[in-house]
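Notes to accompany the following structure.
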Amino acid sequence: MNIRHMGKDIFVIGFALFSMFFGAGNVIFPPYLGLESGSQWFLGFICYYIADIGLALVALFAIMRRGSTEAIVNRIGKIPSIILMSAIVLCIGPMLAIPRTAASTYEMSLQPLISGISAPVFSIIFFAVIFLLCVRESAVVDIVGKILTPVLLIGLLVMIVKGVINPIGSVPSEPKIDNVPATGIAAGYQTLDALASLIFGIILLKSAENKGYSRLKDRVRVVSGAGIVAGIALFIVYLGLTYLGVTTSEYFDLSVDRAALVMSIVQRLLGSGGVILFAVVVALACITTAVALVSSASGYFSDLSGGRLSYPLLCTIICVFSALISNIGLDQIIAIASPILDVVYPPTLVLVFLAFFGGHIRNSWIFRIAALGALISSFLTMLNHYTSLPLSFLDMLPLSSLGFGWILPAAAGGVIGIFIPYKNDSLAEQKG
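Note that our numbering has the sequence shown beginning at 8, numbered continuously upward.
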């Protein structure tokens, strides 16, 4: 492969990765963070970006180092790794994230512009489009990277440039919250893009291979370059959206709804035509994310079944199931997702960091007990937040206020794992 050809592929896959990460929820978080942060908006943005895309890129690069997503989770054992990976795919897939894309498009793109179309009818149309985009597996990244993403990016940049040239208001002298870094980290953490990276890595590696990069070294170079391209594009967009949010500080307090805040920004900057632009941006963000998730989930379960369940069949099943779930509404899907993902996310992050920074750790008990510590603490923390059980002592864990209370139990588990003997640990030698 010549350098020019590789560079082109890096940008195509990089823009595809950008659109995969940039779902509708990502449109809403940065402006509200800007509103909260006031004069410290750039600090809040940096913390948000590190906790969101920083963790996501660490997960993506961990896949590059280990050769596959499965190689990261396999260190906890065959059955536990299948359960964990399946849970990740189901959460960032047909049970939660994929239906949420349809519900978001309906509530934020269709309803403000067109009335009379019911949610069930829309969900059928939406997932019919997603199925057509996904059914040709090898073309998914090209469709997203060459067509949908440029339109999405141009729409966002138009709004951001207008807001920078002609700001809605001035930057306030004080933030509206007490702890801007903590708020930024919490917002980035809740986007769950690190989980998505483990799924997106499947389709990105396959796309690079389909483009003729047969050597692992070349595939790693292409996908790693694509990660950098996506990271830069997301940096620019998130920075711009956060700034737009801070310029509204004199008009709104923190009681404003996030979606309403974004709609107001669009209305003030671009007028009534901006509402249409925003609807298109949200729709494209949701479509590109849904394409990536349906394709990745279908590929994963097809491989898990040893090919007994074909990719087109799984695309069909996931689209139909997601269409049904999407009709319960966006708020209900988000409410259901929160406690589930609070439990799944921490042990996954533990495995990602151990795979990235500790690739030469041969004792898999370190991975197993560390992940178990994170799982138990996150499960108990979830119970503490959503039930009346006497578990308030968990709030005393370091970093618990930032959503990272599981770090100390995970670290303690890893230390315990060091002292558990192991022999002929074949898992330590797996490369995927």
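All C-beta atoms, glycine included, are put in the ideal place defined by N, C-alpha and C.
CA-CA distance, residue i and residue j?
i	j	result
ILE175	VAL282	16 angstroms
LEU24	ALA292	12 angstroms
LEU246	ALA215	29 angstroms
ARG107	ALA342	11 angstroms
ALA110	ASN370	44 angstroms
VAL244	TRP413	31 angstroms
VAL422	GLY208	30 angstroms
SER46	ILE53	14 angstroms
PHE467	VAL96	Since the first residue of the chain shown is 8 and the last is 439, residue 467 is not available in this structure.
ARG72	ARG226	11 angstroms
ASP260	GLN197	22 angstroms
LEU387	PRO397	10 angstroms
LYS85	LEU379	15 angstroms
ILE99	VAL187	28 angstroms
VAL171	VAL136	35 angstroms
LYS224	ALA63	21 angstroms
ASP16	GLY313	29 angstroms
MET13	GLY234	14 angstroms
ILE427	LEU409	31 angstroms
THR323	TYR307	14 angstroms
ILE332	SER384	29 angstroms
GLU77	ARG315	19 angstroms
TYR258	GLY280	21 angstroms
ILE161	HIS367	43 angstroms
SER407	LEU199	17 angstroms
ASP39	VAL165	Rather than Asp, the amino acid found at residue 39 in this sequence is Tyr. Each residue's alpha carbon lies about 19 angstroms from the other.
LEU434	SER302	Bear in mind that the predicted position of LEU434 carries a pLDDT of just 45, short of 50, making it too unreliable to give a figure here.
LEU219	ILE124	Sequence check: residue 219 is Gly here, not Leu. Their Cα atoms are separated by approximately 44 angstroms.
TYR429	SER271	59 angstroms
SER221	SER75	15 angstroms
PRO37	SER122	29 angstroms
LYS213	ILE90	23 angstroms
PHE364	ASN173	45 angstroms
MET92	ALA417	19 angstroms
SER51	TRP372	According to the sequence as given, residue 51 is Gly; it is not Ser. Each residue's alpha carbon lies about 37 angstroms from the other.
Is residue i near residue j, with beta carbons less than 7 angstroms apart?
i	j	result
TYR5	GLY238	A query on residue 5 cannot be resolved here, the shown segment of the chain reaching from 8 to 439 and no further.
LEU321	ILE105	no
LEU415	LEU401	no
ASP349	GLY195	no
PRO319	VAL142	yes
VAL455	LEU205	A question about residue 455 goes unanswered here, because the residues of the chain that appear run from 8 up to 439.
VAL178	VAL273	no
PRO182	SER44	yes
SER116	ALA286	yes
ALA201	ALA66	yes
ALA69	ILE79	yes
PRO354	LEU382	yes
LEU361	PHE374	yes
VAL351	ALA94	yes
PRO119	ASN334	no
ALA290	THR112	yes
PHE29	VAL236	no
Whole-angstrom Cβ separation of residue i and residue j, contact assumed at under 8 angstroms?
i	j	result
ARG265	ILE35	4 angstroms
THR249	TRP48	6 angstroms
ALA330	SER130	4 angstroms
LEU268	LEU277	Not quite, the Cβ-Cβ distance comes to about 15 angstroms (not below 8 angstroms), so this is no contact.
ILE325	SER305	6 angstroms
GLY21	GLY232	7 angstroms
LEU251	ILE167	7 angstroms
GLY336	ILE376	Rounded, the Cβ-Cβ distance is 40 angstroms, inconsistent with contact.
MET27	THR295	7 angstroms
LEU139	ILE340	Going by Cβ atoms, the distance from LEU139 to ILE340 rounds to 24 angstroms, so no, they are not a contact pair.
LEU163	VAL288	6 angstroms
Please tell me whether residue i has its Cβ less than 7 angstroms away from any Cβ of chain D.
i	result
ASP59	Looking for chain D here will not work: only one protein chain is present.
Start-end ranges of the alpha helix (DSSP H) lying completely within the segment 119-205, minimum 4 residues: Secondary structure remark: continuous alpha helix (DSSP H) runs of at least 4 residues inside the segment 119-205, in chain order: 126-141, 147-150, 156-172, 187-197.
Tell me the start and end of each unbroken alpha helix (DSSP H) in the segment 29-102 that is at least 4 residues and wholly inside, in chain order. 31-44, 48-56, 62-73, 76-80, 85-98, all fully within the segment 29-102.
Quick check for students: name the residue ranges of the beta strand (DSSP E) that lie wholly in the segment 327-351, counting only runs of 3 or more. Those beta strand (DSSP E) runs which fall completely within the segment 327-351 and span 3+ residues do not exist here.
Which parts of the segment 278-318 are runs of the alpha helix (DSSP H), unbroken and 4 residues or longer, counting only runs that do not cross its ends? Entirely contained in the segment 278-318, the alpha helix (DSSP H) runs reaching 4 residues are, in chain order, 279-311.
Could you tell me which uninterrupted beta strand (DSSP E) segments, each at least 3 residues in length, are contained entirely in the segment 396-423, listed from first to last along the chain? With a minimum length of 3 residues, no continuous beta strand (DSSP E) run stays inside the segment 396-423.
Let me know the alpha helix (DSSP H) ranges lying completely inside the segment 353-389, each 4 residues or longer, listed in chain order. Correct list: empty.
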